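Report on the following structure.
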Amino acid sequence: MSEGEIAFDAPGAGKPCKTWYKVISSLESDVVPLIALHGGPGGGHEYLEPLIDLHDKHSVPVIFYDQIGCGRSTHLQEKMGDDTFWTFDLFVQELDNLIDHLQLRGKGFYLLGQSWGGMLGSTYAARKPKGLKRLVLVSSPASIPLYMEGCKYTLSQLPPDVRETLEECDRQGDHTSEKFQEAALVFNKKHVCRIDPMPEPVQEAFRHLKEDPTSYLTM
1 MSEGEIAFDA PGAGKPCKTW YKVISSLESD VVPLIALHGG PGGGHEYLEP
51 LIDLHDKHSV PVIFYDQIGC GRSTHLQEKM GDDTFWTFDL FVQELDNLID
101 HLQLRGKGFY LLGQSWGGML GSTYAARKPK GLKRLVLVSS PASIPLYMEG
151 CKYTLSQLPP DVRETLEECD RQGDHTSEKF QEAALVFNKK HVCRIDPMPE
201 PVQEAFRHLK EDPTSYLTM
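If you're matching positions, the sequence shown starts at 1 in the UniProt record's numbering and goes up one per residue.
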């Protein structure tokens, strides 16, 4: 295993940025590596670490990274609400930067994107980048209108008081108060992860989103 940081010239950031990454196994072998794209945006890579089984069982190198704005990569809380900065293009450029740094264009690579990561992966794949061999989508919406309809349905399955709290907080732009956090936890335990207690890597993703929701709330 190896890990490191890559300088990333994020357009409009106004300061030097870096992308943290971790490689399971070596990239020197002939086996095509898998790059994991986490959700959120802002969820961090930890909850995807069970993908390490692909290396342990099939010798597939696995590459994790924290996207800009979360985890061990550069945070830009001063960009809260700046939808000219937090764009798909920003994350596509960061992914390109990672792939070029690791010199994967010749050998090729697979992408696996979960939730928001699948949206990023689809956007990236549509540009037909050199080296992309396969794209795997996990729990990722194919249509934003259908996704919004799904959100309405999942809200309707909650206790009335929890649903009303979430709807009220959303109208007020309140995503940090204690009452919002408590209601969101009920939602997450019913619709995101029903294992009780939640596995530590999943809890870590929620901690990332709570500590710095900048990219998540803006996008």
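The C-beta atom is built at its ideal place from N, Cα and C for all residues, glycine as well.
Since this is a predicted model, take the numbers as computed values, not measurements.
Top-ranked residue by Cα proximity to residue i, from the options
{"i": "aspartate 76", "options": "Lys190, Gly14 and Arg171", "result": "According to the sequence displayed, residue 76 carries leucine and not aspartate. It is Gly14 whose Cα lies nearest to the Cα of leucine 76."}
{"i": "arginine 190", "options": "Tyr153, Glu211 and Glu167", "result": "Looking at the sequence itself, residue 190 is lysine, so the reference to arginine does not match. Comparing Cα positions, the closest option is Tyr153."}
{"i": "aspartate 30", "options": "Lys107, Pro141, Glu211 and Gly173", "result": "Lys107"}
{"i": "leucine 51", "options": "Ser73, Arg72, Thr74 and Lys22", "result": "Lys22"}
{"i": "leucine 27", "options": "Glu3, Arg171 and Arg72", "result": "Glu3"}
{"i": "glycine 173", "options": "Ile195, Pro213 and Ala36", "result": "Pro213"}
{"i": "glutamate 94", "options": "Thr165, Thr176, Arg134 and Cys17", "result": "Cys17"}
{"i": "proline 33", "options": "Ser140, Ile63, Gln103 and Phe85", "result": "Ile63"}
{"i": "threonine 87", "options": "Asp56, Val60, Arg194 and Thr123", "result": "Thr123"}
{"i": "leucine 104", "options": "Leu146, Phe206, Glu200 and Pro61", "result": "Pro61"}
{"i": "leucine 102", "options": "Glu168, Gly150 and Ala7", "result": "Ala7"}
{"i": "residue 245", "options": "Pro201, Val202, Ile68 and Thr176", "result": "With the chain covering 1 to 219 only, the question about residue 245 has no answer from this structure."}
{"i": "glutamine 67", "options": "Ala125, Glu5, Thr84 and Pro197", "result": "Glu5"}
CA-to-CA distance, residue j to residue i, given in whole angstroms
{"i": "serine 143", "j": "valine 192", "result": "19 Å"}
{"i": "glutamate 204", "j": "arginine 127", "result": "32 Å"}
{"i": "serine 215", "j": "valine 138", "result": "21 Å"}
{"i": "proline 90", "j": "isoleucine 35", "result": "As written in the sequence, residue 90 is leucine, which differs from the proline given in the question. Computed Cα separation, rounded: 17 Å."}
{"i": "methionine 1", "j": "valine 162", "result": "43 Å"}
{"i": "aspartate 170", "j": "methionine 148", "result": "14 Å"}
{"i": "arginine 134", "j": "proline 160", "result": "43 Å"}
{"i": "lysine 130", "j": "leucine 155", "result": "41 Å"}
{"i": "leucine 132", "j": "glutamate 178", "result": "43 Å"}
{"i": "glycine 81", "j": "glutamate 46", "result": "26 Å"}
{"i": "proline 141", "j": "valine 202", "result": "20 Å"}
{"i": "phenylalanine 85", "j": "leucine 217", "result": "13 Å"}
{"i": "alanine 125", "j": "glycine 118", "result": "10 Å"}
Extent of the continuous beta strand (DSSP E) run through residue i
{"i": "glycine 113", "result": "109-114"}
{"i": "valine 136", "result": "132-138"}
{"i": "valine 23", "result": "17-24"}
{"i": "leucine 37", "result": "34-37"}
Cβ-Cβ distance between residue i and residue j below 8 Å
{"i": "phenylalanine 187", "j": "leucine 158", "result": "yes"}
{"i": "tryptophan 65", "j": "leucine 112", "result": "The sequence given here places tyrosine at residue 65; tryptophan does not occur at that position. Contact: no."}
{"i": "glycine 39", "j": "cysteine 70", "result": "no"}
{"i": "methionine 219", "j": "proline 41", "result": "yes"}
{"i": "glutamine 114", "j": "leucine 48", "result": "yes"}
{"i": "tryptophan 116", "j": "serine 73", "result": "no"}
{"i": "leucine 185", "j": "leucine 120", "result": "no"}
{"i": "tyrosine 110", "j": "valine 136", "result": "yes"}
{"i": "histidine 58", "j": "isoleucine 24", "result": "no"}
Boundaries of the alpha helix (DSSP H) in which residue i is found, first to last residue
{"i": "valine 192", "result": "Here valine 192 belongs to no alpha helix (DSSP H), and DSSP marks it neither H nor E."}
{"i": "cysteine 70", "result": "Per DSSP, cysteine 70 belongs to no alpha helix (DSSP H) and is neither H nor E."}
{"i": "serine 2", "result": "Where serine 2 is concerned, there is no enclosing alpha helix (DSSP H), although the beta strand (DSSP E) it sits in stretches over 2-8."}
{"i": "alanine 205", "result": "200-211"}
{"i": "residue 256", "result": "It is not possible to answer for residue 256, since the shown part of the chain is limited to 1 through 219."}
{"i": "histidine 101", "result": "88-101"}
{"i": "threonine 214", "result": "214-218"}
{"i": "glutamine 172", "result": "160-172"}
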